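Input: a single structure, listed below in structure tokens.
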Amino acid sequence: MKELPKVYEPQSVEQKIYAFWENGNYFHAEVDRTKKKKPFSIVMPPPNVTGQLHMGHALDCTLQDILTRYKRMQGYSALWMPGTDHAGIATQIKVEEALRKEEGLTRYDLGRDKFLERVWAWKEKYGSRIVEQQKRMGVSCDWERARFTMDEGCSKAVRETFCKLYEKGLIYKGSRIINWCPHCLTALSDAEVEYADKPGHLWYIRYPLTDGSGDIVVATTRPETMLGDTGVAVNPEDETQKDKIGKTCILPLVGREIPIVGDEYCEIGFGTGAVKMTPAHDPNDFEVGLRHNLEVIRVIADDGTINEFGGAYEGLDRYECRKKIVADLEEQGYLVKIEDYSHNVGTCYRCHNDVEPLISAQWFVKMEPLAKDALRVVNDGTIQFVPDRFAKTYTNWMENVHDWCISRQLWWGHQIPAWYCDDCGHINVSREDPTKCEKCGCERLTREEDVLDTWFSSALWPFSTMGWPEKTEALDYWYPTSVMVTGYDIIFFWVARMIFSGMEQMKEHPFDKVLIHGLVRDSLGRKMSKSLGNGIDPLDMVEQYGADALRFNLVTGNSPGNDMRFYPEKCEAMRNFCNKIWNASRFVMMNLSIGDTALPEKLELEDKWILSRFNDTAKAVSENLDKFELGVAAAKIYDFIWDDYCDWYIELTKPRLNGDDPAAKEGAERVLLHVLTGFLKLLHPFMPFITEEIYQAIPHSGEAIIVEEYPKYDPALAFPKEEADFQLVMEAIRAVRARRAEMNVPPSRKSHLIIATDRPDAFEQGTAYIRKLAYAEAVTVQTEAPAETKGMVSAVTGNARMFMPMADLVDLDAERARLSKALANADKGLAGQIAKLSNEKFVARAPEAIVNAEREKKANLEALIENLKQSLANLG
RNA sequence: GGAGGCGUAGCUCAGCCGGUUAGAGCACUUGCCUUACAAGCAAGGGGUCACUGGUUCGAGUCCAGUCGUCUCCACCA
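Under our numbering, read the first sequence as residues 59 to 934, first letter to last.
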């Protein structure tokens, strides 16, 4: 048996253990055609291929790894499918930045092909970084199956999906108002726009009526868009405005004559009662424009400057233009007034610049038909959200979803498989690259330059990673997957889209459960972010405290769906827990003379107590894991190990281990080792490294703890009576300790301990450890109190009265006061019990078990009161 | 405008189907280097479970309302 160091050193263990698992191929899951092994599967939310591990990933990984390891140990063929995401915008921006910094070039200088070569090179260089970082967390993914959203298989799945949806009319190209990021130079989906309340102004502008009969005043937050105004709307029911319908007015600064139309979109009583219409730059105006045949004039170019339709303002940046327009309006007398106005401005979720709504020809997925099934499987419980309130978030979104803009004006991504015929303009969408137009046969085809939204490929992830569109064994066996673990922040981006994609392509929901977790915030409750510089690098924590400590930190005190704050101090506490386990194991090993893990023939009371407690714990842990209460499960294990095993059981075995009876010593060793092995298994999903390290160092039957069987509740090892009996002993010991502590008696001062109890059977077998734990030089168990108790310090529980001859410490008055206080307390408690039990309604309506428990409580109090009274009487 | 979360010890949080005297970690007090562990052990102090009302034999837990706080969705110029 090798000697373990006194302090656990995760740094010297973790990488070695991870290599051991990888070499043993323990992470790899195989399809079991016989289905003897049941399938369990999780597909990992693919991190950005060029990204770095942050706390959110660390939490995500930890939760998934716990579930995967748990199921693997339960005998499932547990597949955790890893992979990375090409992350269109994020990656492209990163490479463009590097290009600019290092070579002073833009992507246009290189051209599409050369640029893409650079991105792939970048991916080759940095793509493994995040994977290596995940490994440091101890993740047990099946790396053999690792996928990338732009690998051959995933690309095929994307193309197949696109073509199928196009053929069904569920993908179309059209001119719509989309969200445009003038910085990233691409269209965005609705989900990619973040709204922020920003202070602004409301400018009131006077538009003169053409017939000279006055003017109409409109209000706007974006005066520069007036360059694209093609109408003014008023409500047809509005008495003050409706007479203007049918007239025209002159657009100031531009001089264009535009119609005044009646439309209910304009709300009576709001603002001036008239709204300027800019169909090219506002989704609502666009709709109104359609209804009234308003002209669509786009005035803002892709880069956020005013285009040629902006007349004198051409070339100005949109915000400079705003200033100039306002100044010009004022100068020419068209500006009525300016009010401060705070409003929500859409910003790009990548670069946080203001998004510009503008009309553009883009590709869309028609959502309404897809939403139907996606809603059904959540509403009927086929897919369950944990916690279930997120189902509401989901359905609410899905019920109101707009068509999904999927084209991006980027180069890095899945290029849309559409070719425009140079002759007839027909759009050819095809699984194979076409050589001629399917309509006119002409061979001059131009491929669509746009690529697809990154989330288009992520949406297919649960089945594309398993080989779809091929029919594979993996799909047959593991799809639908068991659980999807992810943060609430990407329910719309990802979860929703996986669901409708799964329903549409596989005709089957992609996962049974969705475990939603919250955000990991800093200690002040702020989001961890690069710009704030408040992020804590999980790898720093791993290096300082070990991956197990970080994992345990992230999983404890964290309940599904709720955000958590991250405290490095808590990592320290968890590191201490690791050390506790380490030293407990050291203790066991130092005392070990056996080579196997069998239990002894004869079990003592304390053995049955710890075995029973372990059994209870194993049960509670599985129950909680099964309902995704990982934090509760972790806490149960923590408490068992620290309180029951370390603080009590190890101490209880010391007399036997150090005694002269070899059989007793072996018995203690066997139970110690048995329970140690048991809790290591129980803990393994949470703290994989330390548990494997210790498992390998102690006598063990399996080859690795990672593939050991997870502890189950074992009726043969349930000892409720002994558990309860031992509680009496614990209670008595605690009472003695408390009495001594109260009087500041150091442990080195021992005394004789006389225990008077009507349950001598519970106490008699344990005098050896009672002596140790209650700092006694000798223990006498008897049924009656000593005849003479003068000069004795006493302690009282419901089942025992303890006496310690320490005459110099006895202060009769203080003793009397203490006992009287305890008695008063107990009397009060008893009165409560009596009141409760004499309440007929309670006795009649409460469940029997509850009533019995209350009766028992009353009996205990009565016993305690009796003991307290006797002790008081003995004082004289 | 709509939806939802949270409010429990000094701090951060658990507390499942309502059922002992409401728990943990950190912090605090006291005493201990008891041959596994001072990253430890023992004993303790500290809570009107935001507030009001209701349901119930019984409410931190369920319901309604109020206050505070955070988030998401929608986006009326």
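The beta-carbon is built from N, C-alpha and C at its ideal position, and this holds for glycine as well. Quantities reported herein were computed from a predicted structural model and do not represent experimental measurements.
Requested in this report: Just tell me which of Arg356, Ser515, Phe624 and Tyr478 has its CA closest to the CA of threonine 504.
Outcome: On the first sequence, position 446 is the one that residue 504 refers to. That would be Tyr478, whose Cα lies nearest to the Cα of threonine 504.
Query raised in the report: Hey, which unbroken runs of the beta strand (DSSP E) at 3 residues or more fall wholly within the region 496 to 537?
Result: For the region 496 to 537, whole beta strand (DSSP E) runs of length 3 or above, ordered along the chain, are 503 to 505.
Query raised in the report: Does the beta-carbon distance from isoleucine 813 to valine 837 come in below 8 Å?
Result: Here residue 813 refers to the residue found at position 755 when the first sequence is read from its first residue. Here residue 837 refers to the residue found at position 779 when the first sequence is read from its first residue. Yes, Cβ-Cβ distance for isoleucine 813 and valine 837 is below 8 Å.
Query - Those runs of the beta strand (DSSP E) which lie wholly inside the region 114 to 190 and span at least 3 residues - result: When DSSP assignments are scanned along the region 114 to 190, the uninterrupted stretches of beta strand (DSSP E) that are 3 or more residues long and fall wholly within it turn out to be 135 to 139.
Query - For phenylalanine 777, the three-state DSSP class (helix, strand or coil) - result: For the purposes of this step, residue 777 is taken as the residue at position 719 of the first sequence. DSSP, read as helix, strand or coil, puts phenylalanine 777 in coil.
**Report entry** Assigned secondary structure, leucine 260 (DSSP; H/G/I helix, E/B strand, else coil)
**Finding:** The residue labelled residue 260 in the question sits at position 202 within the first sequence. Here DSSP, grouped into helix, strand and coil, assigns leucine 260 to strand.
Report task. Can you grab the Cα-Cα spacing for the pair aspartate 200 / valine 487, in whole Å? Result -> On the first sequence, residue 200 is found 142 positions in, with the first residue counted as 1. On the first sequence, residue 487 is found 429 positions in, with the first residue counted as 1. When rounded, the separation of the alpha-carbon atoms in aspartate 200 and valine 487 is 35 Å.
**Report entry** CA-to-CA distance, phenylalanine 550 to phenylalanine 514, given in whole angstroms
**Finding:** Residue mapping note: residue 514 aligns to position 456 of the first sequence, counting from 1. Residue mapping note: residue 550 aligns to position 492 of the first sequence, counting from 1. Distance from the CA atom of phenylalanine 514 to the CA atom of phenylalanine 550, rounded to whole angstroms, is 12 Å.
Report task. Go through its chain and collect everything with a Cβ distance to arginine 781's Cβ below 6 Å, but skip five positions before and after it. Result -> Stepping through the first sequence from its first residue, residue 781 is reached at position 723. According to the sequence as given, residue 781 is glutamate; it is not arginine. By the criterion of a C-beta distance shorter than 6 Å, glutamate 781 is surrounded in its chain by Trp667 and Ser670, once the five residues flanking it on both sides are discounted.
Query - Extent of the continuous alpha helix (DSSP H) to which aspartate 431 belongs - result: In the first sequence, the residue the question calls residue 431 occupies position 373. 426 to 437 is the extent of the alpha helix (DSSP H) around aspartate 431.
Requested in this report: Enumerate in chain order the residues of its own chain whose CB-to-CB distance from methionine 59 is below 7 Å, with the five nearest sequence positions on each side excluded.
Outcome: In the first sequence, counting from the first residue as 1, residue 59 sits at position 1. Low per-residue confidence applies at methionine 59: pLDDT is 41, beneath 50, and the placement is therefore not dependable enough to give any value.
**Report entry** Cβ pair glutamate 282, isoleucine 441 closer than 8 Å
**Finding:** Stepping through the first sequence from its first residue, residue 282 is reached at position 224. Stepping through the first sequence from its first residue, residue 441 is reached at position 383. No, the Cβ-Cβ distance between glutamate 282 and isoleucine 441 is not below 8 Å.
Requested in this report: Inspect the CB distances between the region 139 to 155 and the region 95 to 109 and report whether three or more fall short of 8 Å.
Outcome: Flag = yes, the region 139 to 155 and the region 95 to 109 touch.
**Report entry** Where the alpha helix (DSSP H) containing glycine 347 begins and where it ends
**Finding:** Reading the first sequence from its first residue, position 289 is the one you call residue 347. 341 to 350 is the extent of the alpha helix (DSSP H) around glycine 347.
Query raised in the report: What residue range is occupied by the uninterrupted beta strand (DSSP E) comprising histidine 810?
Result: On the first sequence, residue 810 is found 752 positions in, with the first residue counted as 1. Judged by DSSP secondary structure, histidine 810 falls within the beta strand (DSSP E) whose first and last residues are 809 to 815.
Requested in this report: Closer than 6 Å by C-beta to arginine 96: which residues in its own chain qualify, once you throw out the five before and the five after it? Chain order, please.
Outcome: Within the first sequence, residue 96 is the residue found at index 38, counting from 1. Checking the displayed sequence, the identity of residue 96 turns out to be lysine instead of arginine. Tyr134.
Query raised in the report: Nearest to histidine 350 by alpha carbon, out of Ala882, Gly289 and Thr298?
Result: Within the first sequence, numbered from 1, the residue matching residue 350 stands at position 292. Scanning Ala882, Gly289 and Thr298 for the CA closest to the CA of histidine 350 turns up Gly289.
Query - Beta-ladder partner(s) of phenylalanine 821, from DSSP - result: Within the first sequence, residue 821 is the residue found at index 763, counting from 1. In the DSSP output, where bridge partners are listed per residue, phenylalanine 821 has none listed.
Query raised in the report: From leucine 582 to glycine 576, what distance separates their C-alpha atoms?
Result: Within the first sequence, the letter at position 524 stands for residue 582. Within the first sequence, the letter at position 518 stands for residue 576. Glycine 576 has its alpha-carbon roughly 16 Å from the corresponding atom of leucine 582.
Query raised in the report: Which one or two residues does DSSP pair with histidine 460 in a beta bridge?
Result: Against the first sequence, residue 460 aligns to sequence position 402. Per DSSP, histidine 460 has no beta-bridge partner at all.
Requested in this report: Label glycine 286 either buried or exposed according to how many other C-beta atoms from any shown protein chain fall within 10 Å of its C-beta, with 16 as the threshold for buried.
Outcome: Translated into positions along the first sequence, residue 286 becomes position 228. Glycine 286 should be labelled buried.
**Report entry** As assigned by DSSP and simplified to three states, the class of lysine 60
**Finding:** As a first step, residue 60 must be located in the first sequence, where it is residue number 2. At lysine 60 the pLDDT is 48, less than 50, meaning the model places this residue with poor confidence and gives no usable figure here.
Query raised in the report: Using the rule of at least 16 other Cβ atoms within 10 Å of the residue's Cβ for burial, across every protein chain shown, is valine 613 buried or exposed?
Result: Residue numbering aside, residue 613 sits at position 555 when the first sequence is read from its first letter. Classification of valine 613: buried, given that the 10 Å Cβ count is 16 or more.
Query raised in the report: For methionine 801, is the classification buried or exposed, using 16 other Cβ atoms within 10 angstroms of its Cβ as the cut-off for buried?
Result: Within the first sequence, residue 801 is the residue found at index 743, counting from 1. Flag for methionine 801 reads exposed.
Query raised in the report: Which stretch, first to last residue, makes up the alpha helix (DSSP H) that contains methionine 860?
Result: As a first step, residue 860 is located in the first sequence; it is residue number 802 there, counting from the start. Premise fails: methionine 860 lies in the beta strand (DSSP E), 858 to 863, not in any alpha helix (DSSP H).
Query - In DSSP terms, what threonine 539 is bridged to - result: Locating residue 539 in the first sequence gives position 481, counting from the first residue. According to DSSP, which records beta bridges pairwise, threonine 539 is partnered with Phe569.
Query - threonine 512 classed as buried or exposed, judged by whether at least 16 other C-beta atoms fall within 10 angstroms - result: The residue given as residue 512 occupies position 454 in the first sequence. That one is buried.
Query - Cβ-based neighbour list, threonine 841, same chain, cut-off 8 Å, excluding 5 preceding and 5 following - result: Translated into positions along the first sequence, residue 841 becomes position 783. Only Ala814, Thr815, Asp816 and Pro818 meet the Cβ criterion.
**Report entry** As assigned by DSSP and simplified to three states, the class of tryptophan 470
**Finding:** Residue mapping note: residue 470 aligns to position 412 of the first sequence, counting from 1. If DSSP states are grouped into helix, strand and coil, tryptophan 470 belongs with coil.
Report task. Would you decide whether arginine 447 is buried or exposed? Buried here means 16 or more other CB atoms lie within 10 Å of its CB. Result -> Working through the first sequence from its first residue, we reach residue 447 at position 389. Burial call: exposed.
Report task. Report the partner residues of tryptophan 238 according to the DSSP bridge assignment. Result -> Walking along the first sequence from the start, residue 238 turns up at place 180. For tryptophan 238, which the question treats as bridged, DSSP gives the partners Ala245 and Glu414.
Query raised in the report: Per DSSP, aspartate 255 is paired with what?
Result: Reading the first sequence from its first residue, position 197 is the one you call residue 255. DSSP lists Asn402 as partners of aspartate 255.
Query raised in the report: How should cysteine 636 be labelled, buried or exposed, when 16 other C-beta atoms within 10 angstroms of its C-beta is the threshold for buried?
Result: Along the first sequence, one-based indexing puts residue 636 at 578. Burial is judged here by how many other beta carbons sit within 10 angstroms of a residue's own beta carbon; cysteine 636 has at least 16 and is buried.
Query raised in the report: Which residues share a DSSP beta bridge with serine 852?
Result: Locating residue 852 in the first sequence gives position 794, counting from the first residue. Bridge partners of serine 852: Phe861.
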